[in-house]
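**Q**
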Amino acid sequence: MHRLRWIAIVPLVLLLAPPAVAQDAVPTTVVVRAVSNDAKLIQDPVGGARITIEHARTGEVLAEGRQTGDSGSTDKIMRQPHERGATIYDVPGAAQYETTLDLTEPTRVRVTAEGPLDYPQATQTASKTVLLVPGEDVTGDGITLTLHGFIVEVLKPSSTGPQPGAELSVRARVRMLCGCPTEPGGMWDANRYTIRAQLLRDGAVVAEAPLAFAGTTNEYAGTVSVPEAGATRLRVMAQDADRINFGAVARPLSQK
10 MHRLRWIAIV PLVLLLAPPA VAQDAVPTTV VVRAVSNDAK LIQDPVGGAR ITIEHARTGE
70 VLAEGRQTGD SGSTDKIMRQ PHERGATIYD VPGAAQYETT LDLTEPTRVR VTAEGPLDYP
130 QATQTASKTV LLVPGEDVTG DGITLTLHGF IVEVLKPSST GPQPGAELSV RARVRMLCGC
190 PTEPGGMWDA NRYTIRAQLL RDGAVVAEAP LAFAGTTNEY AGTVSVPEAG ATRLRVMAQD
250 ADRINFGAVA RPLSQK
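Positions in the sequence shown are counted from 1; adding 9 to them yields our numbering.
Following this line, the structure appears as structure tokens:
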């Protein structure tokens, strides 16, 4: 009898219980910074970086925009020792993306950076997941994402190539992804890099030659012999395997 009485009472208690109240959204500031590997922040002169924050489980985009600002402090990023807890990137004008998310609960997000946006041939992507907590702002240096590579541009020749058997003069510009300059003995020491021009035909390398510093910051030049069978594409590559930075650009060649 008592058991039947409890069975009858339980649904009534559940019916009269107050409904669950959804937690109010709490504004939470998040700063993200995209950094060029072994260099500085991806800055406005190279197009900045596209930043996307999405819900890690559902894929819903919570915020997206562009990192803007300058490359940051050379002293803090490149010269001074990085002590635990010290600020490295957060100086006035330094590139960042800042947004405010309305969070109702601890939320795991995927943060993605893509850049530099003005150089599609050099654009790289990096992402990481982070648990964000309502009301716990992520500021200062923020969430940092490292992009590896070089910006490589062909300055010479134009799309027209020489006849088979001739020498092709090649001149290229090589910079860090942040736009930071390269040269022998500089902060970004080109003596560490392998820079070369390759001629391709049907996707295969048919000739190549090294490019040496041309006397102007960021610029490297050399000549490569065009084989008798000719070539249809020119590719310039820059490599620093020790620091996992690679860059390449290719363009078609047409015969005169």
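Where a beta carbon is used, it is the ideal one built from N, C-alpha and C, also for glycine.
For S178, count neighbouring C-beta atoms within 10 Å of its own C-beta (all shown protein chains included) and say buried if the count is 16 or more, exposed if not.
**A** For this step, residue 178 is matched to residue 169 along the sequence shown. By the neighbour-count rule (16 or more Cβ atoms within 10 Å), S178 is not buried but exposed.
**Q** Helix, strand or coil, according to DSSP, for V55 in the structure here?
**A** In the sequence shown, counting from the first residue as 1, residue 55 sits at position 46. DSSP places V55 in helix when its eight states are reduced to three.
**Q** Per DSSP, what are the beta-bridge partners of T134 in this structure?
**A** Sequence index remark: in the sequence shown, residue 134 carries index 125 (1-based). T134 is bridged to E123.
**Q** Give the secondary structure of M87 by DSSP, where H, G and I count as helix, E and B as strand, and everything else as coil.
**A** Taking the first residue of the sequence shown as position 1, residue 87 is located at position 78. It is helical.
**Q** Any idea what DSSP makes of N227, helix, strand or coil?
**A** Counted from its first residue, the sequence shown places residue 227 at position 218. In the structure shown, N227 sits in coil (DSSP, three-state: anything other than H, G, I, E or B).
**Q** Going by CA-CA distance only, name the one from G74, A34, D251 that's closest to R59.
**A** For this step, residue 59 is matched to residue 50 along the sequence shown. The shortest C-alpha separation from R59 is found at G74.
**Q** Beta strand (DSSP E) containing E176: first to last residue?
**A** In the sequence shown, residue 176 corresponds to position 167, counting from 1. First-last of the beta strand (DSSP E) with E176: 176–185.
**Q** Could you tell me the alpha carbon to alpha carbon distance between I253 and D33, rounded to whole angstroms?
**A** Locating residue 253 in the sequence shown gives position 244, where the first residue counts as 1. Locating residue 33 in the sequence shown gives position 24, where the first residue counts as 1. Roughly 45 Å between the two C-alpha positions.
**Q** So is E274 buried or exposed if we call it buried at 16+ other beta carbons inside 10 Å?
**A** Residue 274 cannot be examined here, being either before or after the span of the chain that is shown, 10 to 265.
**Q** Just to confirm, are L220 and G231 a CB contact at a threshold of 7 Å?
**A** As a first step, residue 220 is located in the sequence shown; it is residue number 211 there, counting from the start. As a first step, residue 231 is located in the sequence shown; it is residue number 222 there, counting from the start. Contact: yes.
**Q** Does the region 172–187 come close enough to the region 226–240 to have 3 or more Cβ pairs within less than 8 Å?
**A** The region 172–187 vs the region 226–240: in contact.
**Q** Out of curiosity, what's the CA-to-CA distance linking Y128 and A104?
**A** Taking the sequence shown and counting its residues from 1, one reaches residue 128 at position 119. Taking the sequence shown and counting its residues from 1, one reaches residue 104 at position 95. Cα to Cα, Y128 sits roughly 17 Å from A104.
**Q** Measure how close the beta-carbons of T116 and L141 come, nearest whole angstrom, since I'm counting them as under 8 Å.
**A** For this step, residue 116 is matched to residue 107 along the sequence shown. For this step, residue 141 is matched to residue 132 along the sequence shown. Rounded, the Cβ-Cβ distance is 5 Å, consistent with contact.
**Q** So, using beta-carbon positions, are A216 and V245 closer together than 7 Å?
**A** Locating residue 216 in the sequence shown gives position 207, where the first residue counts as 1. Locating residue 245 in the sequence shown gives position 236, where the first residue counts as 1. Cβ distance not < 7 Å, so A216 and V245 don't count as in contact.
**Q** Between the region 79–87 and the region 121–140, do at least 3 Cβ pairs fall closer than 8 Å?
**A** Touching, no.
**Q** Straight-line CA distance for R66 to V163?
**A** Position 57 of the sequence shown, counted from the first residue, corresponds to residue 66. Position 154 of the sequence shown, counted from the first residue, corresponds to residue 163. Distance between the alpha carbons of R66 and V163: 42 Å.
**Q** Whole angstroms are fine: how far does the CA of G158 sit from the CA of A131?
**A** If you number the sequence shown from 1, residue 131 lands on position 122. If you number the sequence shown from 1, residue 158 lands on position 149. Approximately 7 Å between the Cα atoms of the pair.
**Q** Is it the case that the Cβ atoms of G102 and D79 are separated by a distance below 7 Å?
**A** Here residue 102 refers to the residue found at position 93 of the sequence shown. Here residue 79 refers to the residue found at position 70 of the sequence shown. Yes, these two residues count as a Cβ contact at 7 Å.
**Q** Find out if the Cβ-Cβ distance for the pair D111, T38 is shorter than 7 Å.
**A** Taking the first residue of the sequence shown as 1, we reach residue 111 at position 102. Taking the first residue of the sequence shown as 1, we reach residue 38 at position 29. Taking 7 Å as the Cβ cut-off, D111 and T38 do not qualify as a contacting pair.
**Q** Classify N200 as buried or exposed, calling it buried when 16 or more other Cβ atoms lie within 10 Å of its own Cβ.
**A** Against the sequence shown, residue 200 aligns to sequence position 191. Exposed, by the Cβ-count rule.
**Q** Excluding five sequence neighbours on each side, which residues of the same chain lie with their C-beta closer than 7 Å to the C-beta of P309?
**A** This structure gives no information on residue 309, because the portion of the chain shown stretches from 10 to 265.
**Q** Compare the C-beta of T203 with all C-beta atoms of chain C and state if any pair is closer than 7 Å.
**A** Note that chain C does not occur in the displayed structure, where there is just one protein chain.
**Q** Look at the alpha carbon of V120 and the alpha carbon of V258, and state the distance between them as a whole number of angstroms.
**A** Along the sequence shown, read from residue 1 onward, the residue named residue 120 stands at position 111. Along the sequence shown, read from residue 1 onward, the residue named residue 258 stands at position 249. For V120 and V258, the distance between alpha carbons rounds to 28 Å.
**Q** Report the CB separation of L262 from A240 in whole angstroms; it is logged as a contact under 8 Å.
**A** If you number the sequence shown from 1, residue 262 lands on position 253. If you number the sequence shown from 1, residue 240 lands on position 231. Indeed, because the Cβ distance is near 6 Å, the residues count as touching under 8 Å.
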